[in-house]
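Asker:
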Amino acid sequence: MQHARKIGEPILTVEGVSLSFGGVRALQDVSFDVREHEIRAIIGPNGAGKSSMLNVINGVYHPQDGKITFAGKVRTDVDPHEAAERGIARTFQSLALFKGMSVLDNIMTGRNLKMRANLLLQALRIGPALREEIEHRAAVERIIDFLEIQAYRKTPVGRLPYGLQKRVDLARALALEPRVLLLDEPMAGMNVEEKQDMCRFILDVNDQFGTTIVLIEHDMSVVMDISDRVVVLDYGRKIADGTPDAVRSNQAVIDAYLGVSH
Amino acid sequence: MAGELDTFPRLLLHHAQVRPDRPAIREKDLGIWQTWTWKQVEGEVRALACGLAAQGFKRGMSLAIIGENRPRLYWAMAAAQSLGGIPVPIYQDAVAQEMVYVFHNADIEYALVEDQEQVDKLLEIMPQCPKLAHIYFDDPRGMRHYAQTELMSFDNLQAIGRDFDGRNPEFFADEVAKGKTTDIASMFHTSGTTGNPKGVTHTHQALIAAGRAGAELEGLDPSDEVLAYLPMAWIGQNIFSYTQSYVVGFCMSCPESAQTVGADMREIGPTYYFAPPAVLEGLLTQVLIRIEDLWWGGRKAYAYFMDLARRVGGRILDGQPVPLKDRLLYKLGNVVVYGPLRNVLGMSRVRVAYTAGEAIGPDLFVFYRSIGVNLKQLYGSTETAVFVCVQPNGQVKSDTVGPPVKGVEVKVTESGEILIRSPGLFREYYKNPEATAEAKDPEGWFHTGDAGYFDKDRHLKIIDRAKDVGRLADGTLFAPKYLENKLKFFPYIKEAVCYGHQRDRVCAFINIDFEAVGNWAERRNIAYSGYTDLAAQQPVYNLIRECVEKANQDLAADPTLGGSQIHRFLILHKELDPDDGEITRSRKVRRGFIAEKYAPLVDALYGGKRECFIETQVRFEDGRTGSISANLQIADAKTYPVEAAKKAA
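Those protein sequences? They're chains A and B, same order as listed. Each residue of the first sequence is one higher than the last, beginning at -6 in my numbering. Each residue of the second sequence is one higher than the last, beginning at 4 in my numbering.
(1) Please name the residues in the region 261 to 283 of chain B whose beta-carbon is closer than 8 Å to at least one beta-carbon of chain A, in chain order.
(2) Count Cβ pairs between the region 280 to 288 of chain B and the region 349 to 369 of chain B that sit closer than 8 Å; are there 3 or more?
(3) Taking C-beta pairs closer than 9 Å, name the residues in chain A that glycine 34/B reaches, listed in chain order.
(4) So, helix, strand or coil for arginine 506/B, using DSSP?
(5) Three Cβ pairs or more, each shorter than 8 Å: is that satisfied between the region 30 to 44 of chain A and the region 225 to 234 of chain A?
(6) Suppose you measure from the CA of glutamine 58/B to the CA of serine 65/B; what does that come to, to the nearest Å?
(7) Does the beta-carbon of histidine 137/B have 16 or more other beta-carbons within 10 angstroms, so that it is buried, or is it exposed?
(8) Would you identify the three-state DSSP class for alanine 638/B, choosing helix, strand or coil?
(9) Which residues bound the beta strand (DSSP E) around phenylalanine 25/A?
(10) Could you tell me the alpha carbon to alpha carbon distance between proline 426/B and isoleucine 465/B, rounded to whole angstroms?
(11) Output the distance between the C-alpha atoms of glutamate 134/A and leucine 76/B, rounded to the nearest integer angstrom.
(12) Would you mind sorting glycine 87/B into buried or exposed? The rule is 16 or more other CB atoms within 10 Å of its CB.
(13) List the whole-angstrom C-beta distance separating glutamine 95/B from proline 258/B, where the pair is believed to meet the contact cut-off of C-beta under 8 Å.
(14) Does the pairing of the region 138 to 151 of chain A with the region 243 to 263 of chain B give three or more beta-carbon distances under 8 Å?
(15) From the DSSP secondary-structure annotation, give me the bridge partner or partners of leucine 125/B.
(16) Here's the rule I'm using: 16 or more other beta-carbon atoms within 10 Å means buried, otherwise exposed. How should arginine 104/A be labelled?
(17) Are the Cβ atoms of glycine 182/B and glycine 54/B separated by less than 7 Å?
(18) For leucine 332/B, collect the residues of the same chain with a Cβ closer than 7 Å to its Cβ; drop the 5 residues on either side in sequence, then sort them by chain order.
(19) CA-CA distance, asparagine 346/B and valine 338/B?
(20) Quick check: the Cα distance between alanine 122/A and threonine 102/A, rounded to an integer number of angstroms?
(21) Name the chain B residues whose beta carbon is nearer than 9 Å to that of aspartate 197/A?
(22) In the structure shown, what three-state DSSP assignment does glutamine 100/B receive?
(23) Give me the residue from Glu29/A, Asp22/A, Ile35/A and Ala34/A with the minimum Cα distance to lysine 60/A.
(24) Output the distance between the C-alpha atoms of valine 224/A and aspartate 58/A, rounded to the nearest integer angstrom.
(25) From phenylalanine 243/B to valine 340/B, what does the alpha carbon distance come to, in whole angstroms?
(26) Please identify, using Cβ separations under 8 Å, the residues of the region 515 to 533 of chain B that lie next to chain A, in order along the chain.
(27) Look at proline 143/B and serine 156/B and say whether their C-beta atoms are less than 7 Å apart.
(28) From alanine 476/B to valine 592/B, what does the alpha carbon distance come to, in whole angstroms?
(29) Does any residue of chain A bring its CB to less than 7 Å from the CB of glutamate 420/B?
(30) Among all the DSSP beta bridges, which residues are the ones paired with tryptophan 39/B?
(31) What's the call for leucine 125/B, buried or exposed, on a 16-neighbour Cβ count within 10 Å?
(32) For glycine 316/B, does the count of other Cβ atoms within 10 angstroms reach 16, so buried, or fall short, so exposed?
(33) Would a check of beta-carbon distances place glutamate 259/B closer than 7 Å to chain A?
(34) My parser needs the alpha helix (DSSP H) runs of 4 or more residues fully inside the region 276 to 321 of chain B; what are they?
(35) Using a Cβ-Cβ cutoff of less than 7 Å, which residues in the same chain neighbour alanine 653/B once the five nearest sequence positions on both sides are dropped?
(36) Within its chain, find whatever has a CB closer than 6 Å to the CB of methionine 255/B; leave out the 5 residues flanking it on each side and keep chain order.
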């Protein structure tokens, strides 16, 4: 697939980030940048520090060292709520959905930050709140259409198969209309066909909405096909950074994946 | 403009004039039913036709149409017809290579397709189809980076058309007026059970005559509602939705997606409905599963009222006398069981429902009628524009397809083959005069290839395909489809393939219904990883054996077919799939092909083996292939002595 979209300036920069939990050093002096509109993958074997990296970007963990710049602003100690308000949305490896709520309602929660009417008006569904709700519902419907989950609108999320739950999780993140979308192992636990579907959706999101995407995966083959650039982590250190082709032929990466002793 | 309503474009203009503000077509999009009135449809079709004309589409050319049921694709049919062109709808789930033949055969230069998936297929086959030069797509999603000059979006095409129309305001009306009722209105492809598909061409005259005969028989009017959910490429979909909507002026609705048909149907509440037996069977299976999940009292009530319905429901629907007590009980049942059931099925408002395409199991047929759905059988084919025989209200039997429709002549040859002559008959197989001559004799009789006879009430009864009816080695009549249908009525069996012609006994391949058996297994805490694993489990084999033995018991009561009971069977390790060529797109099993493909399994069935190893190639939806292997066990089923007429030994 040819990419005609313009990859812009770095929107997110990570410089010298180190994170440790007591004696465990999860990240050591990691630096890389993410350019606007690109698909950036962070890969590495289990325990390489991928999820920690995502949690640092997202504001869940606060690194002991290093600097993160998002959209030209250096951020210090943001929490996830602020990160979301600034346009960073994420999905979760272990899914964070309300299992008893319908698909539609789950995705609506993603619009929460965009609701302006006060709680009372919302509860009564009158005046501006009603108009707003219709507007949000229309936005959600566009996402439902986009991710092809029309058949499950009213199904409680808990009753959907795992692959579809992941799609709903993505839908909820998209409802935020983020500038940067963080995907935590979007393909984990899926079969081949579901993986292909998910790849297509990720490419389409990137293409259609111009959303910058940072995704973590430990399955290398999937990532290589859809990413523009790849960062490889191993034991908390960055061991490679570049195009999929460059990374694939990098000796350090091959060693890390084949498990050469350190 | 000619005043005669004898072509589709003229019908469209007529409706736009007499009922401009009535809904003509709906589609559920973004969670809401979007509606277009007849006036609006006229405008859309006009813009599209002018766009095609500006792009060089001329009288007599073919326009391929590929996609799910979408208003824009139906407008494309009308637009092509307005210009005197031939719309050629193609099955949207066909893989690219299957389309090559059709594109060649129909000399297709223009194609209007639904989305990126279809565009990709056409781009793939383009080098093999040098004539194909214009591809238009409805849904622009994912299409931004396609730079091919052959591509254009539907919106652009209409914009060009509006511009063209502005400069040539008389053009559209002139083109519509030029159309003749004897022009070819559409080309449909036969399912191709044997060899390449054949392009069946129908004139405006034939389609409109067939549609009108059916509409008159059932008293259809502009307030009727129909849901267009079967493939556009199938002539029945065209007749029941497009043709009859244009003939009568009623509204057709397009579902949101193939997966939402059930919910969409409940919302629309169609009054006129068609479903092939496979769909009816699927719906019934879902019902039975949900009933099994009910609490004890609910199950009991269901069983009681369904028993009552089986006894008197059909008779009440036919207006026959029923004892007062049963009539009152049925009324109660209607409140607590039948009404809610019809509602769940989306059939609350159904006035006329048809089924056809395959012989329908009597139990399945009776089920729908007994809960008050006026389901009737109909007989027809692509070549006959569907309406040949229809069961009239009040004279419905489960084993016939009714008397011929007005204007249709039917006769049965000595060998038992059914011949048909009617105004709705096809014109020819496109560019295939030999096949046309073979199927249609000089007097205009069409040879259907179906075997059947008229019963004492002049209702036609179809047994099977003439060529499929066989005999066991001892001369017992063997009608494979009859046996397969008996098996398929069990909710746990999705497909069955029976063998026995010139053999000493009948053996069968079984496909379990993954949903039903999966549910059954879960309630018994039987773990399984997927279809192949579930199909191989011993408890599942026992379950299926019970079904087979029950079918044998039923068969034993039938003196002619009692000898063809099923002695041995196996459960296949994979589901039969049109992508692997095992069943047709309209879900008819291809017995001969399956026997060849699984020859070792057939040998094992007849060779008395207990198990057999098999490895099979499968084709995934994206065209790649893989393989599935399994060690299949083969089971014996009990057979029963045939009642009555014992054969003279």
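Ideal Cβ positions, reconstructed from N, Cα and C, are used throughout, including at glycine.
Answerer: Per the coordinate set shown:
(1) Taking a C-beta cut-off of 8 Å against chain A, the contacting residues of the region 261 to 283 of chain B are Gln262, Thr263 and Ala266, listed in chain order.
(2) The region 280 to 288 of chain B is in contact with the region 349 to 369 of chain B.
(3) Here the neighbours are Leu97, Arg130, Ala131, Val133, Glu134, Ile137, Asp138, Gln143 and Arg146.
(4) Reduced to three states, the DSSP call for arginine 506/B is coil.
(5) At 8 Å Cβ cutoff, the stretches touch.
(6) Going from the Cα of glutamine 58/B to the Cα of serine 65/B covers about 14 Å.
(7) Answer is buried; the Cβ neighbour count reaches 16.
(8) Correct three-state label for alanine 638/B: strand.
(9) For phenylalanine 25/A, the enclosing beta strand (DSSP E) stretches over residues 17 to 28.
(10) So the two alpha carbons sit approximately 22 Å from each other.
(11) Answer to the nearest angstrom: the Cα atoms are 23 Å apart.
(12) Around the CB of glycine 87/B, 16 or more other CB atoms lie within 10 Å, so the residue is classed as buried.
(13) So it is not a contact: roughly 14 Å between Cβ atoms.
(14) With three or more CB-CB distances shorter than 8 Å, the region 138 to 151 of chain A counts as touching the region 243 to 263 of chain B.
(15) In the DSSP assignment, no residue is bridged to leucine 125/B.
(16) So arginine 104/A ends up on the buried side.
(17) No, the Cβ-Cβ distance between glycine 182/B and glycine 54/B is not below 7 Å.
(18) The answer, listed in chain order, is Leu311.
(19) Approximately 11 Å between the Cα atoms of the pair.
(20) Computed Cα separation, rounded: 15 Å.
(21) Within chain B, the residues near aspartate 197/A are Arg144 and Gly145.
(22) Three-state result, glutamine 100/B: helix.
(23) Selected option, being the one with the closest Cα: Asp22/A.
(24) Approximately 19 Å between the Cα atoms of the pair.
(25) Distance between the alpha carbons of phenylalanine 243/B and valine 340/B is about 29 Å.
(26) Here the close residues number zero.
(27) Yes, the pair counts as a contact, with Cβ atoms nearer than the cut-off.
(28) Approximately 23 Å between the Cα atoms of the pair.
(29) So no, glutamate 420/B is outside the interface.
(30) Answer by DSSP bridge pairing, in chain order: Ile28/B.
(31) By the neighbour-count rule (16 or more Cβ atoms within 10 Å), leucine 125/B is buried.
(32) The residue in question, glycine 316/B, is buried, as its Cβ has 16 or more Cβ neighbours within 10 Å.
(33) Nearest CB-CB separation between glutamate 259/B and chain A: below the 7 Å threshold.
(34) 280 to 295, 299 to 311 and 317 to 320, all fully within the region 276 to 321 of chain B.
(35) There is no way to answer for residue 653/B, as the model of chain B reaches only from 4 to 652.
(36) By the criterion of a C-beta distance shorter than 6 Å, methionine 255/B is surrounded in its chain by Ile28, Val229, Ala231, Ser244 and Ser248, once the five residues flanking it on both sides are discounted.
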